[in-house]
Ligand SMILES: Cc1cc2nc3c(=O)[nH]c(=O)nc-3n(C[C@H](O)[C@H](O)[C@H](O)COP(=O)(O)OP(=O)(O)OC[C@H]3O[C@@H](n4cnc5c(N)ncnc54)[C@H](O)[C@@H]3O)c2cc1C
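Right, here's the structure in full:
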């Protein structure tokens, strides 16, 4: 099933993101966590791609397992900047063989402190074109940044390249995490203003540990509203209360997005079935 069908069905739904194991020894525990999330029947699950690493093959193993054994559509991520054309082509062929219908086409972060990475790709658009030319009949998603990609010289330049990337053959966009829905709404308005008419799926990350806040900001550059910082101040030293408050904040964000007409919200569930399950329970009446 193509995930673009989900975005157009007019119903409120949640999808969840998981990441593959970082080492061979953690494969079974990660697989188990992703299976528990699959049993919650999300609209789809995305599986991230660890650029360059020796475990990048696990993205497909996890995605295939969820799709074939749990009947949940999957979206397999693929990055290009630290790979050769040969590797990327091989990965695309592997996806076809694995029956993957949905691909998140990403550049990936430019490797730091690594002089000899291949430099055969500069931007995600090159990967998108390659996927389109591969005859894979893929539904292709791309990344976007309501708070502007950290390398961009300006919001206008970022949006210009996003339009170019969208026109190269994307079916939908998923946003970087944000903690203030106003940033998402104004971004969608600006994107529509320059003619990007693809579904723009909001990405929400439930922060359930105080230590996650700094890491999330460092990775995404996201603005964290005072309301959320106050929650961390109040509950940060109590892990149980912090987890509950983090899930509550994410639930309120998602609920507001649904109220404002969003169909599917993508939750960065980080291999935590208990977080995915708590959010689904909180929203059970809305999700029906
Ligand atoms: C939803 C989502 C999922 C992600 N999943 C993963 C994952 O699984 N694995 C992983 O390693 N990383 C992942 N990332 C992180 C992503 O790889 C990084 O943010 C990366 O730095 C940019 O990737 P991109 O595909 O957005 O790049 P691009 O679209 O290439 O954009 C990167 C930068 O280049 C600029 N740009 C684009 N095209 C041009 C051009 N033609 N000329 C000049 N400038 C240009 C853009 O404005 C932007 O500043 C994800 C991010 C998001 C939002």
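In my numbering, the protein residues as written are 3 to 290. Using N, Cα and C, we set each Cβ at its ideal position, and we do this for glycine too.
Asked	Found
Could you have a look at residue 206 and say whether DSSP puts it in helix, strand or coil?	strand
Determine the direct distance from the alpha carbon of residue 142 to that of residue 104, and round the result to whole angstroms.	6 Å
In this structure, does DSSP put residue 50 in helix, strand or coil?	coil
Residue 268 and residue 208 - do their beta-carbons sit closer together than 8 Å?	no
Use the C-beta contact count for residue 114: other C-beta atoms within 10 angstroms, 16 or more gives buried, fewer gives exposed.	exposed
Measuring alpha carbon to alpha carbon, tell me which residue in 160, 119, 66 and 77 is nearest residue 89.	119
What residue ranges within the segment 196–262 form continuous alpha helix (DSSP H) runs of no fewer than 4 residues, ordered along the chain?	212–222, 228–237 and 241–261
Which one of 85, 67, 83 and 84 has the shortest CA to CA distance from residue 77?	67
Do residue 40 and residue 289 have their C-beta atoms closer together than 8 Å?	no
Considering only residues of the same chain and omitting the five flanking positions on each side of residue 180, which have a CB-CB separation below 6 Å?	148, 186 and 224
Which residues neighbour ligand 1 when neighbourhood means a C-beta less than 5 Å away from any of its non-hydrogen atoms? List them by chain order.	50, 51, 53, 79, 81, 108, 109, 110, 111, 125, 126, 145, 151, 153, 154, 160, 163, 176 and 178
Can you tell me which of the three DSSP states residue 184 falls into?	helix
Identify, in the order they occur along the chain, each residue of the same chain with its Cβ nearer than 6 Å to the Cβ of residue 61, setting aside the five sequence neighbours on each side.	22, 49, 51 and 78
Given that a residue counts as buried once 16 or more other Cβ atoms are within 10 Å of its Cβ, and exposed if not, what is residue 249?	buried
Going by other Cβ atoms of all chains shown within 10 Å of its Cβ, with 16 needed for buried, is residue 19 buried or exposed?	buried
Does residue 137 come out as helix, strand or coil in the three-state DSSP assignment?	coil
Measure how close the beta-carbons of residue 122 and residue 86 come, nearest whole angstrom, since I'm counting them as under 8 Å.	6 Å
Buried or exposed, going by whether 16 or more other CB atoms sit within 10 Å of the CB of residue 64?	buried
Run through the DSSP bridge pairs and tell me what residue 41 is partnered with.	Paired residue(s): none; residue 41 is not in a bridge.
Throw me the rounded Cβ distance for the residue 12 and residue 265 pair, which I believe falls under 8 Å.	7 Å
Pull up the distance between the alpha-carbon of residue 217 and that of residue 178, whole angstroms please.	14 Å
How about residue 253 and residue 233: do their beta carbons lie closer than 8 Å?	no
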